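Visitor:
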Amino acid sequence: MSIYNFEVKDTKGELRSLKDYEGKVVLIVNTASKCGFTPQFEGLQQLYNKYAERGLVILGFPCSQFNNQEFETIDETTQFCQMNYGVTFPMFAKIDVNGEHADPLFSYLKEQKRGLLSRKIEWNFTKFLVDRQGQVVKRFAPTTAPEKLEQDIVRLL
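Per our numbering, numbering through the sequence shown is continuous, rising by one, with the last residue being 213.
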């Protein structure tokens, strides 16, 4: 089992297989546009710019489960991310990361790497680092700034 067993909806609502990212180092992040951690988009984009050619891909999954901190439509979300932070890494449809409607990918990620106190995702900008074989190797708290992930990413590249 790996992340390659999952399909997710893109911003147009079409299913996309994570097999598309096979052989890449993947950073999966649940994001929000109106959160105290939203400025992390800038650091995530910097990592993507710096390491995409070496095989890094960042996948953003907007989530509104924490204080409704995401726009109503995915178009508003992607426009906001592009205009304010220059985001060019792939973004996907808005999802739930916890509860009975949690996206299966995030249920799997939480099973693979639990948080400090529980499996549950506590807030936006929880990050999961996945190796080139599709295995989850590390989970980072929302408070972990993207630049703090750089050494772990470089080791996998």
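Ideal placement from N, C-alpha and C gives every residue a C-beta, glycine not left out.
The structure presented is a predicted model; accordingly, all values stated were derived computationally and were not measured.
Is K166 helix, strand or coil when you go by DSSP?
Guide: Helix at K166.
Visitor: Would you say V193 and F145 are within 8 Å of each other, going by their C-beta atoms?
Guide: No, they are not a contact pair.
Visitor: How long is the line joining the alpha carbons of E167 and F136, rounded to whole angstroms?
Guide: If I take the Cα positions, the gap works out to 31 Å.
Visitor: Among L100, G92 and F93, which has the Cα closest to the Cα of I84?
Guide: Measuring from the Cα of I84, the nearest candidate turns out to be L100.
Visitor: Report yes if the CB atom of A62 is closer than 8 Å to the CB atom of L185, and no otherwise.
Guide: The sequence given here places Phe at residue 62; Ala does not occur at that position. No, the Cβ-Cβ distance between F62 and L185 is not below 8 Å.
Visitor: Thinking C-alpha only, which one of E132, Y164 and M147 is nearest V153?
Guide: Closest by alpha carbon: Y164.
Visitor: Nearest to V64 by alpha carbon, out of P118, R110 and E98?
Guide: The candidate whose alpha carbon is nearest that of V64 is P118.
Visitor: Taking Cβ to Cβ, would you say K150 is nearer than 8 Å to E126?
Guide: It is a contact, given that the beta carbons lie within the stated cut-off.
Visitor: In terms of alpha-carbon separation, which member of H157, Y141, D208 and I209 lies closest to T87?
Guide: T87 has its Cα closest to that of Y141, out of H157, Y141, D208 and I209.
Visitor: Whole angstroms is fine: what's the gap from D76's alpha carbon to Y60's?
Guide: Looking at the two C-alpha atoms, the distance is approximately 8 Å.
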